[in-house]
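Number of protein chains: 2
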Amino acid sequence: MHEATLTIGQLADRSGVAPSALRYYERLGLIRAERTGGNQRRYARTELRRVAFIRISQQVGVSLEEIREALASLPSGRTPTPDDWAALSRAWRNRLDEKIRLLGKLRDDLDGCIGCGCLSLQRCTLYNPGDALAAEGSGARLMLPRPGPDAA
Amino acid sequence: MHEATLTIGQLADRSGVAPSALRYYERLGLIRAERTGGNQRRYARTELRRVAFIRISQQVGVSLEEIREALASLPSGRTPTPDDWAALSRAWRNRLDEKIRLLGKLRDDLDGCIGCGCLSLQRCTLYNPGDALAAEGSGARLMLPRPGPDAA
DNA sequence: CCTTGAGTTGAAGTGCGCTTCAACTCCGAG
DNA sequence: CTCGGAGTTGAAGCGCACTTCAACTCAAGG
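Top line first, the protein sequences correspond to chains V and B.
Take any residue in the first sequence, count from 1 to its spot, add 11: that is its number in my numbering.
Take any residue in the second sequence, count from 1 to its spot, add 11: that is its number in my numbering.
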């Protein structure tokens, strides 16, 4: 009881993430696991934190690849300290702030567009997400929606 | 010569949405087009507004299916008036407000968690998927509680 | 030892939001 | 009338984030 490591089922239960997803994360290099003699995964408890970070980041709209890159900034040799995590979280916080700001702008623009009836026009600030984001965000690439790269 | 209707290429140029996407939207019932004798699509200019609404909504993280439902609330008989659009936009505005609120909460929680080191714990408000901050990105995924016979 | 439930793998499937392709038609300028 | 770019279709493919499946092994209780 309360052992040093977790089975995949235990990690799944505690994190709320399906085992299949955890295996998938591992394949992508987002989390790690040791193996028992019988080849079963055993997770260090710190992996719980990584999984939490992954899910939280996803809620902010970050892709797994980007999350992988972020996690790669954690020290590989030692167990990450609270400071290590704080550094990551700060970066995400900026992302959140920027995202909140953009949504606020979108909302205000939407209000404006209700009044002016310009909803269909490109010149409307609502309708040029790329420019609007690039023009103002020092935080760089934010919430470009899914549409393909050459939707031009 | 500023004609009454637009070809798919014209609509694509003016809306910034690829023709293939426009056909896809039509298949899903998000936009409509008349046909020429030769079976080519001709779009009423009001479709521009629908397309704009679609793209804006996607930025807020709404799925095409939900957008379809929203658009279905527009009057089918007549051309939607500014008031019709305003009603839709108001609903979206609420959505934006809610989303902004959730992101703010996420940010504050993240701050709190940096301090308390609870990033890995379920009791952390960050980690409660119930809020379904659906994020944008590839298809709004709900963080479904794991399917399966947990209860069984 | 036997059984049972949890875990293992690679491969294939799913859903969304499209894009690409092949094969064909339309339409307007010359 | 010819030509070529724009348009048409259904079917297939893609990228992401997973899930499901089949076939198998492991681990622990009786």
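Even for Gly, the Cβ is constructed at its ideal location relative to N, Cα and C.
Keep in mind that this is a model prediction, so the values were computed, not measured.
Beta-carbon proximity of residue i to residue j, cut-off 8 Å
| i | j | result |
| --- | --- | --- |
| R118 (chain B) | R61 (chain V) | no |
| P30 (chain V) | G40 (chain V) | no |
| L85 (chain V) | D95 (chain V) | yes |
| A44 (chain B) | R52 (chain B) | yes |
Length of the line joining the Cα atoms of residue i and residue j
| i | j | result |
| --- | --- | --- |
| G141 (chain B) | L22 (chain V) | The predicted position of G141 (chain B) is uncertain, since its pLDDT is 42 and thus under 50; no value can be drawn from it. |
| G49 (chain B) | L75 (chain V) | 46 Å |
| R106 (chain B) | E77 (chain V) | 27 Å |
| L17 (chain B) | D122 (chain B) | 50 Å |
| L114 (chain V) | Y35 (chain V) | 31 Å |
| L33 (chain B) | A97 (chain V) | 44 Å |
| I111 (chain V) | V71 (chain V) | 10 Å |
| D120 (chain B) | A55 (chain V) | 25 Å |
| Q69 (chain B) | R79 (chain B) | 11 Å |
| T92 (chain V) | R46 (chain V) | 24 Å |
| E37 (chain B) | A15 (chain B) | 20 Å |
| K116 (chain B) | S87 (chain B) | 39 Å |
| D1 (chain B) | V28 (chain V) | It is not possible to answer for residue 1 (chain B), since the shown part of chain B is limited to 12 through 163. |
| E109 (chain B) | D108 (chain V) | 15 Å |
| A83 (chain V) | I65 (chain V) | 12 Å |
Min CB distance residue i to chain V below 8 Å
| i | result |
| --- | --- |
| R104 (chain B) | yes |
| K110 (chain B) | yes |
| Q133 (chain B) | With a pLDDT of 45 at Q133 (chain B), under the threshold of 50, the modelled position of this residue cannot be trusted; read the value that follows with caution. It does: the Cβ of Q133 (chain B) has a partner Cβ on chain V nearer than 8 Å. |
| L33 (chain B) | no |
| S100 (chain B) | yes |
| L117 (chain B) | yes |
Any chain B beta carbon closer than 8 Å to residue i
| i | result |
| --- | --- |
| G49 (chain V) | no |
| L107 (chain V) | yes |
| P140 (chain V) | Confidence at P140 (chain V) is low in this model, with a pLDDT of 47, below 50, so its placement is unreliable and no value can be given for it. |
| L17 (chain V) | no |
| D122 (chain V) | yes |
| Q21 (chain V) | no |
| L114 (chain V) | yes |
When the options are compared against residue i, the one with the closest alpha-carbon
| i | options | result |
| --- | --- | --- |
| E26 (chain B) | B:D108, B:R38, B:T57, B:R79 | According to the sequence as given, residue 26 (chain B) is Ser; it is not Glu. For S26 (chain B), the nearest C-alpha among the options comes from B:T57. |
| I42 (chain B) | B:A81, B:D108, B:G115 | B:A81 |
| D90 (chain V) | V:V28, V:A32, V:L59 | Note that residue 90 (chain V) is Thr in the sequence shown, not Asp. Here the closest residue by C-alpha is V:L59. |
| A102 (chain V) | V:K116, V:V73, V:A15 | V:V73 |
| I67 (chain V) | V:E14, V:A15, V:L99, V:E109 | V:L99 |
Any non-hydrogen atom of the ligand NAP closer than 7 Å to residue i Cβ
| i | result |
| --- | --- |
| A29 (chain B) | Ligands in the displayed structure: none, and consequently the ligand NAP is not present. |
Worksheet item: Which runs of the beta strand (DSSP E), 3 residues or longer, sit entirely within the region 38–71 of chain B?
Response: 52–55
Item to complete: Mind listing, in chain order, the continuous beta strand (DSSP E) runs of no fewer than 3 residues lying wholly within the region 82–121 of chain V?
Response: List check, beta strand (DSSP E) in window: nothing returned.
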